[in-house]
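Protein chains: 2
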Amino acid sequence: MGNNDKKIITISREFGSGGRLIGKRLAEKLDVPFYDKQLLDRIAEESGFSKEMIKGAEMKAKNSFLYSLASAMGTSENGPESLSLNERFFLAQFDTIRRIADEGSCVIVGRCSDYVLRGLPEASHIFIYAEEKDKIKRAVQEYGIPEDEARKLMRDTDKARANYYAYHTGRKWGEHVNYSLSIDSGYIEIEDIVDLIVQYTKVRRFSQA
Amino acid sequence: MGNNDKKIITISREFGSGGRLIGKRLAEKLDVPFYDKQLLDRIAEESGFSKEMIKGAEMKAKNSFLYSLASAMGTSENGPESLSLNERFFLAQFDTIRRIADEGSCVIVGRCSDYVLRGLPEASHIFIYAEEKDKIKRAVQEYGIPEDEARKLMRDTDKARANYYAYHTGRKWGEHVNYSLSIDSGYIEIEDIVDLIVQYTKVRRFSQA
Numbered sequence: 001m002g003n004n005d006k007k008i009i010t011i012s013r014e015f016g017s018g019g020r021l022i023g024k025r026l027a028e029k030l031d032v033p034f035y036d037k038q039l040l041d042r043i044a045e046e047s048g049f050s051k052e053m054i055k056g057a058e059m060k061a062k063n064s065f066l067y068s069l070a071s072a073m074g075t076s077e078n079g080p081e082s083l084s085l086n087e088r089f090f091l092a093q094f095d096t097i098r099r100i101a102d103e104g105s106c107v108i109v110g111r112c113s114d115y116v117l118r119g120l121p122e123a124s125h126i127f128i129y130a131e132e133k134d135k136i137k138r139a140v141q142e143y144g145i146p147e148d149e150a151r152k153l154m155r156d157t158d159k160a161r162a163n164y165y166a167y168h169t170g171r172k173w174g175e176h177v178n179y180s181l182s183i184d185s186g187y188i189e190i191e192d193i194v195d196l197i198v199q200y201t202k203v204r205r206f207s208q209a
Numbered sequence: 001m002g003n004n005d006k007k008i009i010t011i012s013r014e015f016g017s018g019g020r021l022i023g024k025r026l027a028e029k030l031d032v033p034f035y036d037k038q039l040l041d042r043i044a045e046e047s048g049f050s051k052e053m054i055k056g057a058e059m060k061a062k063n064s065f066l067y068s069l070a071s072a073m074g075t076s077e078n079g080p081e082s083l084s085l086n087e088r089f090f091l092a093q094f095d096t097i098r099r100i101a102d103e104g105s106c107v108i109v110g111r112c113s114d115y116v117l118r119g120l121p122e123a124s125h126i127f128i129y130a131e132e133k134d135k136i137k138r139a140v141q142e143y144g145i146p147e148d149e150a151r152k153l154m155r156d157t158d159k160a161r162a163n164y165y166a167y168h169t170g171r172k173w174g175e176h177v178n179y180s181l182s183i184d185s186g187y188i189e190i191e192d193i194v195d196l197i198v199q200y201t202k203v204r205r206f207s208q209a
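Protein chains in written order, with the UniProt record's numbering: chain F, 1 to 209; chain S, 1 to 209.
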């Protein structure tokens with residue numbers, strides 16, 4: 001597939017909304033690689049956190065809130081060694097996502113991928129969410145989480161996601177302006193959402209107008 | 001069409017996003033009545049602001065912020081005559097939208113219709129938005145608004161919409177939780193958005209699960 005046909009979909013999602021499954025099935029139907037947190041983490045680890053890679057990623061990430069903060073604190077001037085392990089890992093993932101996007105069409109779930117690939121014409125960012133009752137139902141029925149734990153786990157996970165997103169991007173997680181499509185998965189079957197998104201990728205513009 | 005097949009779509013939209021046109025074309029394709037601001041205003045006016053109607057609507061609207069405010073100020077205890085003309089008109093529209101929803105399937109644009117019909121299983125609420133450049137382009141090319149005026153008109157209109165919505169509903173206009181689908185219309189043709197929504201209405205659940 002030539003670069004002109006490149007279509008990258010990022011999926012950001014609330015815990016229990018089925019977002020990861022939607023992403024996985026979408027990648028299967030589009031016949032493109034699928035990258036979730038596990039895979040992105042592994043690739044970032046295997047890249048070895050090389051200084052050159054982190055410095056390169058740091059320059060690309062310079063508009064993010066984290067690096068405004070790091071600059072204000074003077075840490076970026078001291079070089080990548082002075083960043084915390086978390087911050088270096090975020091940079092490694094940032095770089096991983098950029099390199100994945102360079103390679104071709106794919107589906108990426110989470111890890112602030114919508115922010116990393118913001119403004120890239122070949123990328124479309126989708127947000128999957130649901131009402132609490134639907135997310136708890138999925139957590140109990142699909143993930144096997146006990147009901148009395150599901151609500152707390154759901155809230156803690158999404159709170160952590162929102163904080164992680166805000167810290168690394170300076171934006172508000174879930175806000176419609178970050179995405180080109182947001183879907184409540186509580187009223188529609190997973191496979192039907194996947195088919196809708198496949199349809200969307202056929203008619204949406206993925207290049208500079 | 002029996003009541004079990006009733007499907008109501010409300011469209012909330014940013015100025016210049018094409019939301020009204022999407023609603024109109026959607027109603028045509030679904031072969032259902034289409035209600036926009038003009039029509040809703042006329043129906044509300046023709047209803048004559050009867051005291052009985054306003055009182056009935058007032059009771060249904062009792063959860064809205066407006067009526068918490070009115071109650072706190074003591075105005076609702078004095079009866080509908082003590083409400084301002086704007087408040088009475090909102091109540092007339094509230095009642096109009098409820099009655100339209102009782103009648104059958106339809107598409108309704110704006111007027112806080114998503115809030116009025118919140119929780120109604122037969123209703124699905126959609127938000128249409130776009131980036132500023134796309135909205136200005138539409139305002140200039142489709143609405144014939146001079147470019148130097150388009151930006152200000154766009155911002156003023158959406159600011160008024162957001163304030164109207166907040167005042168009458170206590171919620172934040174545009175927030176994903178208010179809707180089951182949000183679409184950026186800047187990357188996709190109007191007819192393709194309409195077809196996507198038609199597809200959505202075929203697979204989305206419109207009844208109590």
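Think of the CB as a built atom: it goes at the ideal place given N, C-alpha and C, for glycine as much as any other residue. These figures come from a predicted structure and were not determined experimentally.
Interface flag, residue i vs chain S, CB-CB below 8 Å
i	result
F:ARG205	yes
F:ASP184	yes
F:GLY18	no
F:GLN141	no
F:ASP5	no
F:GLY174	yes
F:TYR115	no
F:GLN208	no
residue 211 of chain F	The question about residue 211 of chain F has no answer, for chain F in this structure spans 1 to 209.
F:TYR165	no
F:GLN199	yes
F:ASP31	no
Buried versus exposed call for residue i [16 or more other C-beta atoms within 10 Å across all chains shown]
i	result
S:ASP95	buried
S:SER105	buried
F:SER124	buried
S:GLY23	buried
S:GLU189	exposed
S:SER12	buried
F:ARG205	exposed
F:LYS37	exposed
S:LYS6	buried
S:ASN86	exposed
S:VAL109	buried
S:TYR179	buried
F:ASP114	buried
S:GLY19	buried
S:TYR143	exposed
Test: residue i CB closer than 8 Å to a CB of chain F
i	result
S:GLU147	no
S:LEU181	yes
S:LEU120	no
S:GLY23	no
S:GLU189	yes
S:PRO80	Confidence at S:PRO80 is low in this model, with a pLDDT of 49, below 50, so the placement of that residue should be treated as unreliable; the coordinate-derived value is given next. With 8 Å as the cut-off, S:PRO80 does not count as an interface residue toward chain F.
S:PHE127	yes
S:ASP36	no
S:LEU196	yes
S:ASP192	yes
Proximal residues to residue i (C-beta, below 6 Å), its chain only, five neighbours per side dropped
i	result
S:SER207	PRO121
S:GLU14	TYR129 and ASP158
S:GLU147	VAL140
F:ALA101	ILE8 and LEU117
S:PHE34	LYS24, ALA27 and VAL107
Contact set for residue i: own chain, Cβ-Cβ below 7 Å, skip 5 residues either direction
i	result
S:VAL32	SER105, CYS106 and VAL107
F:SER17	ILE128, TYR129, ALA130, LYS135 and SER185
F:ARG161	TRP173
F:ILE145	ALA139 and LEU153
F:ALA150	ILE136, ALA139 and VAL140
S:CYS112	TYR165, HIS168 and THR169
Contact set for residue i: own chain, Cβ-Cβ below 8 Å, skip 5 residues either direction
i	result
F:VAL194	ILE22, ARG25, LEU26 and LYS29
S:HIS176	PHE127 and SER182
F:GLU191	ARG25
F:VAL198	LEU26, LYS29 and LEU30
S:THR201	LYS7, ILE9, LEU30 and SER124
Decide yes or no for the touch test of the segment 157 to 168 of chain F against the segment 147 to 156 of chain S: beta carbon pairs closer than 8 Å, at least 3 of them. no
Tell me, please, whether the segment 31 to 51 of chain F touches the segment 84 to 95 of chain F by the rule of three or more beta-carbon pairs shorter than 8 Å. yes
Entirely enclosed alpha helix (DSSP H) segments - the segment 16 to 48 of chain S, minimum 4 residues: 19 to 30 and 37 to 46
List in chain order: all unbroken beta strand (DSSP E) runs of 3+ residues lying wholly within the segment 94 to 181 of chain F. 106 to 109 and 123 to 129
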